[in-house]
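In the numbering used here, the protein residues as written are 545 to 791. One structure is given here, and the rest of the page talks about it.
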């Protein structure tokens, strides 16, 4: 299998760096071909702007992106990242949780690489949420956080970790067509994580990439009406919030 890791941490002797190296070694030992986009090491441009698209007269940013995709005019660094994704069977995003989301450099990677045309469809059908160019690939988030388990529970002060990751897993990765595996979450990073146990857990998850059941996010083409509202009766009684969008 081919696995691509998109990695974002500025320090090469961090917990994240060690886990990245462990992941590469474990996957290669399993026979995977592994590629890594180390965004800080690459000094990846984090701001999406018109320089990404080549010459364009469009004042509508999303349309300019679609035209650049169709004309093969996207910036070389964007095309290089898109090619890595197209070549992969599995995609792993690894990052520390900063202010309840990904580091800015990874958000910029999402903004630029998942451009209109590549990350989602440009027609009225709007291929997204389970469909699109990246359909059939598997994606998984590996995230570290200094918060403890209890802080990230259903009644925790930070909110449930599954809710915090919903915009990334559902709103970015599933949006672009990929199947999303349950995340690997390392809590208490820097003060309570037991490194040996953390590595063991990570390796176990990597060993089962192909067998792990994806999160059952609802596909746009199957569970929603023409106004993109969930069809009546699809959810269990009392279900609310993000859980509505998981079968």
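Glycine included, C-beta positions come from ideal geometry on N, C-alpha and C. Because the structure is a prediction, the values reported are computed rather than measured.
Asked: Cβ separation of residue 720 and residue 680, assumed to be a contact under 8 Å, to the nearest whole Å; Found: Contact doesn't hold; Cβ gap of about 12 Å is too wide.
Asked: Pair within 9 Å by beta-carbon distance, residue 580 and residue 548; Found: yes
Asked: Per DSSP, the bridge partner or partners of residue 713; Found: In the DSSP output, where bridge partners are listed per residue, residue 713 has none listed.
Asked: Buried versus exposed, by CB contacts within 10 Å (16 or more), residue 611; Found: buried
Asked: Member of 574, 747, 722 whose CA lies at the smallest distance from the CA of residue 630; Found: 722
Asked: At least three beta-carbon pairs within less than 8 Å, the stretch 739-750 to the stretch 560-571; Found: yes
Asked: As assigned by DSSP and simplified to three states, the class of residue 597; Found: coil
Asked: DSSP three-state assignment for residue 790, whether helix, strand or coil; Found: strand
Asked: Local conformation of residue 684 per DSSP, three classes; Found: strand
Asked: Identified DSSP bridge partners for residue 725; Found: Residue 725 is not bridged to any residue.
Asked: Coarse secondary structure for residue 578, derived from DSSP in three states; Found: strand
Asked: Beta-carbon spacing of residue 687, residue 717 below 9 Å; Found: no
Asked: Alpha helix (DSSP H) segment containing residue 765, residue limits; Found: 764-767
Asked: Residue burial classification, residue 591 (beta-carbon count within 10 angstroms, cutoff 16); Found: exposed
Asked: Within 9 Å, strictly: CB atoms of residue 673 and residue 762; Found: yes
Asked: Through-space distance from residue 599 to residue 787, alpha-carbon basis; Found: 43 Å
Asked: Straight-line gap, residue 651 to residue 759 (C-alpha atoms, nearest Å); Found: 22 Å
Asked: Neighbour flag for residue 593 against chain D, beta carbons, 9 Å; Found: Protein chains in the displayed structure number just one, and chain D is not present.
Asked: Element boundaries [alpha helix (DSSP H), containing residue 564]; Found: 559-573
Asked: Residue 636 (DSSP reduced to helix, strand or coil); Found: strand
Asked: Straight-line gap, residue 552 to residue 594 (C-alpha atoms, nearest Å); Found: 24 Å
Asked: Euclidean distance between Cα positions of residue 706 and residue 785; Found: 12 Å
Asked: Same chain, Cβ closer than 6 Å to residue 742, neighbours up to 5 away in sequence not counted; Found: 730
Asked: Residue 548 - DSSP class collapsed to helix/strand/coil; Found: strand
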